[in-house]
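Trainee:
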Amino acid sequence: MRPPAPALLCVLLAVVIAEKAVAHAQSSPLDLYSRVYREPDFFGVMVKLTYIGPQEKPVYGLLLSSHRLPDLEAFKPHYRHPELGYQNDDHGWLGHMTLETGRLRDVVLAIARFPGIEEAAVRAGGNYSTRDARIRDGRGLNWSLMVVDTGSPHRPNAFEALLTGKEVAALLRDAASTIEREDPAAARGLRSFADQSNW
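At position 157 of the sequence shown (counting the first as 1) the number is 156 in numbering that gives the first Met the number 0, and the numbers step up by one without a gap.
Listed below in structure tokens is the structure:
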């Protein structure tokens, strides 16, 4: 005996929803930001660059958000690897730029498109330290790039990658080019930070 059409439709719908839920759970954070998030979802998203390398004086990082009073505590549950130093955050050594949600989305999508970003995320998995992490050009992985969501239904969707100064500079220049037309002042700010970080 055939099941009635509405019952069959319910079964098919349940299978599709279950498959989407599994795919959503298995997606990388950057993939979710790229495919699932819509512009309003970026209201609570923050992007942070923190210098974690050896230093003898304050080294300022960069925080991007869509609101003026971001909550830095939101990063701590996700990004406190014991072998890395986040003291610059604790001292408040961060420049802060506010962006419209559309421009923040553009920056995060530029991060997602950046060559080698997923490899850089693997570096952040706990097997590297600021003392011995080196890649092909011999420079240290002195920057931590972090993205966290504090407001959307998809939160926290946390992401961290360890980058060299050269990679940070290239990534920020890509992001600046992406937002240049809509927000030239923010693009200049990103390029200025890129010039400072490339050492």
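Where is the CB? At the ideal position from N, CA and C, for every residue including glycine.
As the structure is a prediction and not an experimental result, all values here were calculated from the model.
Rank Y85, R180, F158 by C-alpha distance to the C-alpha of Q54 and give the top, closest one.
Mentor: Taking the first residue of the sequence shown as position 1, residue 54 is located at position 55. Comparing Cα-Cα distances from Q54 to each of Y85, R180, F158, the minimum goes to Y85.
Trainee: Just to confirm the assignment: which complete alpha helix (DSSP H) runs, minimum length 4, are found wholly within the stretch 142-170?
Mentor: DSSP runs (the alpha helix (DSSP H)) wholly in the stretch 142-170: none.
Trainee: May I ask which residues mark the beginning and end of the alpha helix (DSSP H) holding L68?
Mentor: Taking the sequence shown and counting its residues from 1, one reaches residue 68 at position 69. Element bounds for L68: n/a, residue is neither H nor E.
Trainee: Hey, L63 and V46 are a contact pair by Cβ (cut 8 Å); roughly how many whole angstroms apart?
Mentor: Residue mapping note: residue 63 aligns to position 64 of the sequence shown, counting from 1. Residue mapping note: residue 46 aligns to position 47 of the sequence shown, counting from 1. Yes, L63 and V46 are in contact; Cβ-Cβ is about 4 Å, under 8 Å.
Trainee: Hey, quick one: how far does the alpha helix (DSSP H) through Y32 stretch, first residue to last?
Mentor: For the purposes of this step, residue 32 is taken as the residue at position 33 of the sequence shown. Per DSSP, Y32 belongs to the alpha helix (DSSP H) from 28-34.
Trainee: Taking G101 as part of the alpha helix (DSSP H), name the residues at either end of that continuous run.
Mentor: Counted from its first residue, the sequence shown places residue 101 at position 102. Run containing G101: 100-112, per the alpha helix (DSSP H) assignment.
Trainee: What does the alpha-carbon distance come out to for the pair E38 and T100?
Mentor: Mapped onto the sequence shown, residue 38 falls at position 39. Mapped onto the sequence shown, residue 100 falls at position 101. Between E38 and T100, the C-alpha separation is close to 6 Å.
Trainee: Please state the DSSP three-state secondary structure of G139.
Mentor: Position 140 of the sequence shown, counting from 1, holds the residue named residue 139. If DSSP states are grouped into helix, strand and coil, G139 belongs with the strands.
Trainee: For a cutoff of 7 Å on Cβ pairs, would you count T100 as touching chain D?
Mentor: Checking the listed chains, one finds no chain D in this structure; it contains a single protein chain.
Trainee: Taking only three categories from DSSP, how would you classify L48?
Mentor: By 1-based counting over the sequence shown, the position of residue 48 is 49. Here L48 sits in strand by DSSP.
Trainee: Would F41 pass as a contact of L108 if the rule is Cβ separation under 7 Å?
Mentor: The residue labelled residue 41 in the question sits at position 42 within the sequence shown. The residue labelled residue 108 in the question sits at position 109 within the sequence shown. For F41 and L108, no; Cβs fall outside 7 Å.
Trainee: For D70 and W142, I'd like the C-alpha separation in whole angstroms.
Mentor: Taking the sequence shown and counting its residues from 1, the one referred to as residue 70 is at position 71. Taking the sequence shown and counting its residues from 1, the one referred to as residue 142 is at position 143. Using only the alpha carbons, I get a separation of about 20 Å.
Trainee: Can you give me the start and stop residues for the beta strand (DSSP E) that G94 sits inside?
Mentor: Mapped onto the sequence shown, residue 94 falls at position 95. Segment 93-97, the beta strand (DSSP E) holding G94.
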